[in-house]
Structure formats: structure tokens, C-alpha cells
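Undergrad: For reference, each letter of the sequence shown is one residue, going 63 to 192 in the numbering used here.
Each residue gets a CB set at the ideal place from its N, CA and C atoms; glycine is no exception.
Quick caveat: nothing in here was measured; it's all calculated off a predicted structure.
One structure, as C-alpha cells, below. Some questions next.
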Amino acid sequence: NQKQYEDQIAQLGIKDQLILHTHFIADSEVKYYLCAADVVVQPYRTATQSGVTPLAYHFEKPMIVTNVGGLAAMVPDDKVGLVAEPNAASIAEKIITFFQKGEQHFIPNIIDEKKKYSWGKMVEAITLIS
């Protein structure tokens, strides 16, 4: 129910501090959202992995992911982001922790970690097993 969230946003007085989008965002528009973001939060309850994670690496954005499926494996905790349990309290705690630590705490590790997911590394791995 979107109205419930709109009411909560109004009650907290944060309407001018966020953009609420509940519709599909075209690939050509994704860059605008990621460039504007301080952190990419992936609050999945179930997942195997997410295409959002490589995008966050590309744009060098810290991530908060839930410890479901393979999400945490691609986001080393307290290095490129934070790993939360899949519940609201844990996710909220990690968001607060992120802003206490600051984006710069994570950026050097993101730059280093994203090299693992480059095309060059993929070709290297394929060459080794072929």
C-alpha cells in the first residue's frame, strides 16, 4: 500500500530528502539513480543473486544486502558494504551504521573488489579451465 509509505514519509518530514519510485526504471535511466545514491540497499527476503550488485560495483556505490542466497558472497561485510539479516530492524541498523561510517570507508575496497568481476578476470578464469 503506497499510501502507508507516503503517510510515513510525510509524518517523518523527509519528503524533500527522498525520491519514491515504485515503477519500472528503464536501463537507460538506471545511471541517474545510481549516481545520485549514497548507498544501494538490496532488502531481499529471498534471492539467489542480483544484477543490481554488479551495477553498484560499476558505479562504485557501497551496498547493504541481506544475508540471503549468494548476495553476501559478493559483498564482503564492512569492506564494500554491510550485510544485514532479512528483517526491518537489521536493515535499519545497517543503514544507520553506513551513515556513521561514511561512504569513504567503503570506496577504496569497492574499487579493489570490483576488479574480481571484470571481463578480464572472467576471460582469465575461462582460459584456466579450458
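Based on Cα-Cα distance, which residue from 109, 128, 133 and 98 lies nearest to residue 165?
TA: The shortest C-alpha separation from residue 165 is found at 98.
Undergrad: On the criterion of 16 or more Cβ atoms from any shown chain inside 10 Å, does residue 170 qualify as buried, or is it exposed?
TA: Looking at its Cβ environment, which holds fewer than 16 other Cβ atoms inside 10 Å, residue 170 is exposed.
Undergrad: So the candidates are 122, 147 and 123; which of them puts its Cα closest to the Cα of residue 134?
TA: Considering only alpha carbons, the answer is 147.
Undergrad: Check whether the Cβ atoms of residue 103 and residue 136 lie closer than 9 Å to each other.
TA: Not in contact: residue 103 and residue 136 (Cβ atoms no closer than 9 Å).
Undergrad: Specify the secondary structure class of residue 24 as computed by DSSP and reduced to three states.
TA: Nothing about residue 24 can be read from this structure; the chain reaches only from 63 to 192.
Undergrad: Below 8 Å on the Cβ atoms is my guess for residue 108 versus residue 132; work out the distance and round it to an integer in Å.
TA: Not quite, the Cβ-Cβ distance comes to about 12 Å (not below 8 Å), so this is no contact.
Undergrad: To the nearest whole angstrom, what separates the beta carbons of residue 67 and residue 82, a pair I think is in contact under 8 Å?
TA: Contact flag correct, Cβ pair sits at about 7 Å.
Undergrad: Report the option in 168, 190, 155 and 186 whose CA atom is closest to the CA atom of residue 143.
TA: Among 168, 190, 155 and 186, the Cα nearest to that of residue 143 belongs to 168.
Undergrad: Using the rule of at least 16 other Cβ atoms within 10 Å of the residue's Cβ for burial, across every protein chain shown, is residue 123 buried or exposed?
TA: Classification of residue 123: buried, given that the 10 Å Cβ count is 16 or more.
Undergrad: Are the CB atoms of residue 161 and residue 69 within a distance shorter than 9 Å?
TA: No, the Cβ-Cβ distance between residue 69 and residue 161 is not below 9 Å.
Undergrad: Note down the Cα distance separating residue 151 from residue 159, rounded to an integer number of angstroms.
TA: Each residue's Cα considered, the two are about 12 Å apart.
Undergrad: Roughly how many whole angstroms lie between the Cα atoms of residue 116 and residue 84?
TA: For residue 116 and residue 84, the distance between alpha carbons rounds to 22 Å.
Undergrad: How long is the line joining the alpha carbons of residue 141 and residue 163, rounded to whole angstroms?
TA: Computed Cα separation, rounded: 11 Å.
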